[in-house]
Each structure stands twice: as structure tokens, then as C-alpha cells.
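Undergrad: When we follow the numbering used here, the leftmost residue of the sequence shown carries the number 25, and every step to the right adds one.
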Amino acid sequence: MPLYDYEILDAKGEGTGKTFEVFQSMKDAPLTKHPETGEPCRRAISAPAIAGKWSDLKGKSALSNQNLERMGFTKYERKGKGYMERVAGKEGPRQISAED
Numbered sequence: 025m026p027l028y029d030y031e032i033l034d035a036k037g038e039g040t041g042k043t044f045e046v047f048q049s050m051k052d053a054p055l056t057k058h059p060e061t062g063e064p065c066r067r068a069i070s071a072p073a074i075a076g077k078w079s080d081l082k083g084k085s086a087l088s089n090q091n092l093e094r095m096g097f098t099k100y101e102r103k104g105k106g107y108m109e110r111v112a113g114k115e116g117p118r119q120i121s122a123e124d
């Protein structure tokens, strides 16, 4: 279901700048009143969420261990207090300890 943006209206029917979001089916009619407060509202025009080059979906794959290793980076993850282990890459020590 899509997430729709709504804008609260004042007594003159003009936007107040206050907004809220509602998950609705595309078949549902637009809301005319806020579901909790009963204030008049209208559906607002907003940009669609598209998974492009710099979206969160793309960012997660760009920072994956496999991609970092392919690009020549080394990544360490904390495995315990004062202890880190290499999870991506071939350069550098396999593990790093605060005690070393």
C-alpha cells in the first residue's frame, strides 16, 4: 500500500503547513478529515520514493562486504570489547585487539 501525505487546512481551506502520512490503498478515496483530530485536510503532492542511484536500497548494496572487498577496501567489525575482526578485504591484520 502506498504512503500518502496529507496537509491540514485552516478555516479558509488553505494549507497550514502541518502534514501527516497515511498508508492507504490506491482504491480508497482521499481523506477529507484528519483520522484522529477531525481537522479538514487534503492530499498533498509529494515526490515518489524511487530506488535510484543514491537511495537507501542502493546504499546498502554499495556498502556490502562483497562490494567493499571488490573495490579494495578492508572492513572490520567489533566482535567483543576491545576486539575487532576483519570481515572484508585482504589487507591488514585478521584481527585487532586492544591488548596487542
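All residues carry an ideal CB built from backbone N, CA and C; glycine is no exception.
With a threshold of 7 Å on Cβ separation, who are the neighbours of S121 within its own chain once the five nearest residues in sequence on each side are excluded?
TA: By 1-based counting over the sequence shown, the position of residue 121 is 97. Once the five neighbours on either side are set aside, the close Cβ partners of S121 are G106, Y107.
Undergrad: Out of K36, A112, E63, which has the shortest C-alpha to C-alpha gap to L87?
TA: Position 63 of the sequence shown holds residue 87. For the residues K36, A112, E63, the minimum Cα distance to L87 belongs to A112.
Undergrad: If you follow the alpha helix (DSSP H) that R94 is part of, which residue opens it and which one closes it?
TA: Locating residue 94 in the sequence shown gives position 70, counting from the first residue. Counting along the chain, the alpha helix (DSSP H) containing R94 begins and ends at 89-94.
Undergrad: Quick one, are the C-beta atoms of A68 and D34 less than 9 Å apart?
TA: To locate residue 68, count along the sequence shown from 1; it is residue 44. To locate residue 34, count along the sequence shown from 1; it is residue 10. Not closer than 9 Å, so no.
Undergrad: Based on the DSSP secondary-structure assignment, which residues constitute the bridge partners of M108?
TA: Along the sequence shown, read from residue 1 onward, the residue named residue 108 stands at position 84. The partner list for M108 (beta bridge, DSSP) reads R102, I120.
Undergrad: Can you tell me which of the three DSSP states K84 falls into?
TA: Indexing the sequence shown from 1 puts residue 84 at position 60. In this structure, K84 counts as helix in the three-state DSSP scheme.
Undergrad: Quick one: grab the DSSP three-state call for K51.
TA: In the sequence shown, the residue the question calls residue 51 occupies position 27. Three-state DSSP puts K51 in coil, outside helix and strand.
Undergrad: Less than 9 Å separating the beta-carbons of F47 and C65?
TA: Locating residue 47 in the sequence shown gives position 23, where the first residue counts as 1. Locating residue 65 in the sequence shown gives position 41, where the first residue counts as 1. Cβ atoms of F47 and C65: not closer than 9 Å.
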